[in-house]
Amino acid sequence: MVRLITHNLLACHVKGCTSNNFPLQFKDVQVELREAEFNPDFLRGFIPRLEWGALVDAARQLGDTSLPAEPPEMLDDDFLQKLHHVLLEVHIEEGAMICPNCNHVYPISNGIPNMASAYHQPIHNVVN
Amino acid sequence: MGLQYLFVFAQAHEEFRIPELLSIAELHGFEVTFPPPPSDISRPFMVLELESEVHARILARRCILVKFVCEFYGRGKAYEELHEQTRNNREKWSQYTQDTSFKFFISAYNHTVPQKRMKDVVESFHYMDFQGKIDMNNPEIVLACFEEYRDKRGTTRHKHEGDGDFEEVFFGRLLEEGTARPLVKTFDVKKRAYYGNTSMEAEISLLMANQTLAAPGKLIYDPFIGTGSMAYTTAHFGALVFGSDIDGRQMRGKEKQPGIIRAAAQYGVAHRIIDLCTFDVTRNPWRCGELFDAIITDPPYGVRAGAKRLGRKARPDKAPRPKPAEPFSSKRPDDEPYIPPTMPYELSSLVVDLVLLARYLLRPRGRLVFFLPTVTDEYEELDIQTMLCEGMEVVANSLQNFGTWGRRLITIRKITSERYPPPTFTSAQDTPDDGKAHTPAHKDFREKYFQGFKKAEDEQFGETTET
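Protein sequence lines correspond, in order, to chains L and P.
Residue numbering for the first sequence follows full-length UniProt numbering, beginning at 1 and increasing consecutively.
Residue numbering for the second sequence follows full-length UniProt numbering, beginning at 1 and increasing consecutively.
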């Protein structure tokens, strides 16, 4: 859980934190790899929704350098398999995600991230 | 004119039958032609027109409420009429008369046909002149005959009293038994590894999943996932599911492995639960919109689980708390570092916000499927209109009636490809109560529920909830 597809869709939403709030940075993460069903149509349809640079960086942070810096023109099976692995088979079980802007910490426990932000707290109070 | 098929439905959720057929037809890209009105939707028999037998089989394999699908040969108020129609449809069955093994299946709705008359019924079809062998165990074709009786519940009578006094009788060749219907047992909540007091019953969870057009390659989101009831059924049909809830404990349960994942593993779909996140959907972290093919949810309406959102209740009688001198420490004993205060979320504003959220998060043509509780006597068609916004239209609205109240399964489609900004979740404040706007019957549903749905004479509840 907390697959990289999810990481690619979540931004910090602390009140007032509206710029440079994505992607969240991993900290002290425990990674597990688990197989998922390969569905090329889903992947092709989802590529336009991805922030490609953020995905490549996140994968590299976790030691996976299989993705090219830019999505290729030709979405062949070999590339889609790599994308499938990075997006859906890498799970972060423990650790935290930290906002690069306000440093809010979103902890991950047993694979479930706590994305609740204390909205009524001003940003400086949330800093760990 | 298309081909005619006899559909026999389960004796439940009658308002859900047609929406389910239409959803599965849309998912597979074909048309269903219904009999011209007036047709009584409470009857469990329907003769529909379809372009091909393949379509009939698709519906039988996916629709939860379908019990049998037959190639239609005839119907009548009496057997004479049925036989005449069947004779006229000779070209549909003459190919089976030579050497096809067969058996008859005689059944009745609201009645049991006595063994003795079954034989008479079978013999009345002698003119079809089937030469093949009768095979009770493994026939090549099954000829099915259904008698429909009036509902006689609550009357004292002899077992076979009124035998033959049916409303109508239907006849055809059995194509398929509804193979999706046994899923109701598969997903039985009582046999589930993890569930809670708000878990949705299996049959409804399956019907909801069909309304979302769940299929492989689709991404579906439940923003009030709770114990995950609808995640399992949508994932069963191949979709990838994303869930969030304001209360992480609901998704986790007591063991290390989250409860939703344990139950999903029981159904072999754990790999399709993309992720579960703890957050209040009114303070959501989604980076952008147009992410999901469907949103499926049973929003909390305050009876068993209170609808909550982040924020403090307005308490004018109390002075504001002094600000803590030190910032909050995140070191707390359990794994939730900070449990923010919550406040109640009134149902009608929750629903308006939900539709706005769906317009933002759904892809064009995506669907929002959710339950809306309503007070039976006060419900009006207009209530549904109060929740709609530009670009969203109602596809289906099916009532599950519990007496004084009921809940409506609402299916809404996004009909725009225009991009909208994320909702502000301030619909309650944005629409000033000037007394002119229509007040839907589901407003303040929680208060009405706990007051036993008293008539509107005492207009008190409108005021008591303002505080």
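C-beta: ideal position from N, C-alpha, C; glycine also.
Contacts that residue i makes with chain L (C-beta to C-beta distance below 7 Å)
i, result
"Phe279 (chain P)", "Met115 and Ala116"
"Arg287 (chain P)", "Leu9, Leu10, Ala11 and Phe22"
Cβ-Cβ distance between residue i and residue j below 8 Å
i, j, result
"Pro364 (chain P)", "Thr416 (chain P)", "yes"
"Phe187 (chain P)", "Leu143 (chain P)", "no"
"Ala11 (chain L)", "Asp280 (chain P)", "no"
"Pro113 (chain L)", "Cys288 (chain P)", "no"
"Arg272 (chain P)", "Leu310 (chain P)", "no"
"Val269 (chain P)", "Tyr221 (chain P)", "no"
"Phe425 (chain P)", "Gly366 (chain P)", "no"
"Pro114 (chain P)", "His158 (chain P)", "no"
"Leu31 (chain L)", "His91 (chain L)", "Note that residue 31 (chain L) is Val in the sequence shown here, rather than Leu. Closer than 8 Å, so yes."
"Glu147 (chain P)", "His111 (chain P)", "yes"
"Phe95 (chain L)", "Val29 (chain L)", "Note that residue 95 (chain L) is Gly in the sequence shown, not Phe. It is a contact, given that the beta carbons lie within the stated cut-off."
"Cys63 (chain P)", "Ala180 (chain P)", "yes"
"Cys70 (chain P)", "Leu175 (chain P)", "yes"
"Ile412 (chain P)", "Glu393 (chain P)", "yes"
"Leu372 (chain P)", "Arg408 (chain P)", "yes"
"Cys99 (chain L)", "Asn21 (chain L)", "yes"
"His83 (chain P)", "Gln400 (chain P)", "no"
"Asp41 (chain L)", "Gly217 (chain P)", "yes"
"Thr212 (chain P)", "Ile260 (chain P)", "no"
"Tyr73 (chain P)", "Gln85 (chain P)", "yes"
"Glu89 (chain L)", "Glu51 (chain L)", "no"
"Met46 (chain P)", "Pro38 (chain P)", "no"
"Met200 (chain P)", "Ile225 (chain P)", "no"
"Gln4 (chain P)", "Glu53 (chain P)", "no"
"Pro178 (chain P)", "Phe16 (chain P)", "Per the sequence presented here, residue 178 (chain P) reads as Gly, with Pro not at that position. Not a contact, by the Cβ cut-off of 8 Å."
"Leu80 (chain L)", "Leu43 (chain L)", "yes"
"Asn139 (chain P)", "Ala396 (chain P)", "First, the residue type needs correcting, since residue 139 (chain P) is Pro and not Asn in the sequence shown. No, the pair does not count as a contact, with Cβ atoms beyond the cut-off."
"Ile274 (chain P)", "Leu362 (chain P)", "no"
"Tyr149 (chain P)", "Tyr109 (chain P)", "yes"
Supposed close pair residue i, residue j - CB separation, criterion 8 Å
i, j, result
"Cys145 (chain P)", "Phe166 (chain P)", "Wrong, their Cβ atoms sit about 11 Å apart, outside the cutoff."
"Tyr194 (chain P)", "Arg262 (chain P)", "5 Å"
"Leu55 (chain L)", "Val86 (chain L)", "7 Å"
"Thr100 (chain P)", "Ile134 (chain P)", "No, Thr100 (chain P) and Ile134 (chain P) are not in contact; Cβ-Cβ is about 11 Å, not under 8 Å."
"Lys308 (chain P)", "Pro344 (chain P)", "6 Å"
"Met208 (chain P)", "Val369 (chain P)", "5 Å"
"Pro440 (chain P)", "Asp383 (chain P)", "4 Å"
"Phe453 (chain P)", "Thr386 (chain P)", "Phe453 (chain P) to Thr386 (chain P), Cβ: 20 Å. No contact."
"Phe105 (chain P)", "Val66 (chain P)", "The pair is not a contact, with the Cβ atoms about 16 Å apart (cut-off 8 Å)."
"Leu206 (chain P)", "Val189 (chain P)", "Not really, about 12 Å apart at Cβ, beyond 8 Å."
"Pro423 (chain P)", "Leu357 (chain P)", "5 Å"
"Phe26 (chain L)", "Met97 (chain L)", "6 Å"
"Ala58 (chain L)", "Leu4 (chain L)", "5 Å"
Within chain P, partners of residue i - CB distance below 9 Å
i, result
"Gly111 (chain L)", "Gln257, Pro258, Ile261, Asp275 and Leu276"
Listed by chain order, chain L residues near residue i by CB distance under 8 Å
i, result
"His271 (chain P)", "Arg34, Glu35, Ala36 and Glu37"
"Leu291 (chain P)", "Leu9 and Arg49"
"Met251 (chain P)", "Ile112"
Contacts that residue i makes with chain L (C-beta to C-beta distance below 9 Å)
i, result
"Pro216 (chain P)", "Glu37, Asn39, Asp41 and Phe42"
Cross-chain neighbours of residue i in chain P, by beta carbon under 8 Å
i, result
"Thr6 (chain L)", "Phe242, Ile274, Asp275 and Cys277"
Residue i CB to nearest heavy atom of the ligand MN below 7 Å
i, result
"Val47 (chain P)", "Questions concerning the ligand MN fall outside what the structure shown contains, since it holds no ligand whatsoever."
7 Å Cβ cut-off: residues of chain P touching residue i
i, result
"Pro2 (chain L)", "Before going further, note that residue 2 (chain L) is Val rather than Pro in the sequence given. Near Val2 (chain L) (Cβ distances below 7 Å), the residues of chain P are Asp275."
**OP:** Just list the beta strand (DSSP E) runs in the region 72–151 of chain P, keeping only unbroken ones of 3 residues or longer that don't cross its boundaries, in chain order.
**Re:** 102–109 and 141–148
Original post:
Which parts of the region 50–77 of chain L are runs of the alpha helix (DSSP H), unbroken and 4 residues or longer, counting only runs that do not cross its ends?
Top reply: 52–61
Subject >> Contact set between the region 27–47 of chain L and chain P, restricted to residues whose Cβ is under 8 Å from the partner >> reply: Arg34, Glu35, Ala36, Glu37, Asn39, Asp41, Phe42, Gly45 and Phe46
Subject >> Contact set between the region 231–252 of chain P and chain L, restricted to residues whose Cβ is under 8 Å from the partner >> reply: Leu240, Phe242, Ser244, Ile246, Gly248, Met251 and Arg252
Subject >> alpha helix (DSSP H) runs contained entirely in the region 226–279 of chain P, provided each spans 4 or more residues >> reply: 229–236, 248–252 and 259–266
**OP:** Go through the region 185–216 of chain P residue by residue and report every complete run of the alpha helix (DSSP H) that reaches 4 residues or more, in order.
**Re:** 202–211
Subject >> Runs of beta strand (DSSP E) lying entirely within the region 337–406 of chain P, each at least 3 residues, in chain order >> reply: 342–344, 362–375 and 392–401
**OP:** Could I get the ranges of all uninterrupted alpha helix (DSSP H) runs contained in the region 8–81 of chain P, with 4 residues as the minimum, in chain order?
**Re:** 17–28 and 53–62
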